[in-house]
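The numbering of the sequence shown is the working numbering, which starts it at 155 and goes up by one.
Glycine included, C-beta positions come from ideal geometry on N, C-alpha and C.
Input: a single structure, listed below in structure tokens.
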Amino acid sequence: MFQELFTVSQYPSLQPDQTFGAKLLRVFKTYGLVFLGLIAVGPILVLADKFVKEVLHHKSLLDINQKQFSQLYKYLGKPLAVTFICVIGPLMEELIFRLWLNFKKRYIAVSALIAMVYFGMAILKRVTPQLWLPITIGLATGALFTLLFRYRNIPSGATAQVSDIVKHRLIILSMVAFALMHVSNYRPELSLFWIYPIYVIPQLIMGWGITYVRFKNGFAWGVVLHMLMNTVATLAGLWMKKF
């Protein structure tokens, strides 16, 4: 398993586990390795946050992250917020960052469409608070027709011609992009952009583990692992707030 996990270039040719039980066990084993990785980078985050507070004289970014989630609970209500964090969010992120990694044009089109809607909605909600929904619907409709047009004009074998080197780079790019997306959890400021990558190392490790499972046993199992990670972290956070 360790050799498979660290040989990213071989992910597209991984042989799947044969039984449901073996696939489920793979999810838990990968989660365990990711959890150990998160523990290992914990001190790095603490030191980075100390540097931000004591040297840069800025608010704790870890505290800002916690406040972001507290505001989400307050805005949506705890049940809906937990559902979003543990189910809807992971599913959307997997559709955007890992569905297309089989390099088939229909899945690339679906991932691109969802990414346009997801990020377009996030941006518009900040820029045009009153009109973000109708504008997003309009953009989504336009994006859908554009993608359908492009889909029809892409030869069926075009994506199959992507070289192994390009696939390897795109797999790594998907992990990095997934991690960097979570910079938004820290209410990013331009002056601190150079340090945010340190704070999303946990998401990079998580994305690595999810990508491995996605290639090993299929997209659905990557979604399961992502939901498991978010659910454990969310429930642990809610439990700790009681003390």
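Close CB contacts of Cys240 within its chain, under the 7 Å cut and outside five residues either way in sequence, are with Met381, Asn384, Thr385 and Thr388 (chain order).
Contact check between the stretch 158-176 and the stretch 198-210: fewer than three CB pairs, one atom from each, fall below 8 Å, which does not count as touching. With a beta-carbon spacing of about 6 Å, Met329 and Leu358 fall inside the 8 Å limit used to define contacts. Counting only the Cα atoms, Ile349 lies some 13 Å from Lys207. If you check the CB distance, Pro356 and Leu245 do not come in under 8 Å.
Contact fails between the stretch 177-187 and the stretch 203-223, because fewer than three Cβ pairs, one in each stretch, are under 8 Å apart.
Note that the C-beta distance between Val378 and Val181 is below 8 Å. Burial of Arg368 is indicated by the presence of at least 16 other C-beta atoms within 10 angstroms of its C-beta.
Assigned with DSSP and collapsed to three states, Phe347 falls in coil, not helix or strand. Take Arg260, set aside five residues on each side of it, and no residue of its chain has a beta-carbon closer than 6 Å to its own. Taking a 10 Å sphere around the C-beta of Tyr353, we find 16 or more other C-beta atoms and assign the residue as buried. Between the C-alpha atoms of Ala176 and His211 there is a straight-line separation of about 50 Å.
Per DSSP, reduced to three states, the secondary structure at Asp171 is coil, with no helix or strand assignment. Its chain contains no residue whose beta carbon lies nearer than 7 Å to that of Arg323 once the 5 sequence neighbours on both sides are disregarded. A direct Cα-to-Cα measurement between Leu267 and Gly274 gives close to 10 Å. Look at Val188 here: in three-state DSSP terms it is helix.
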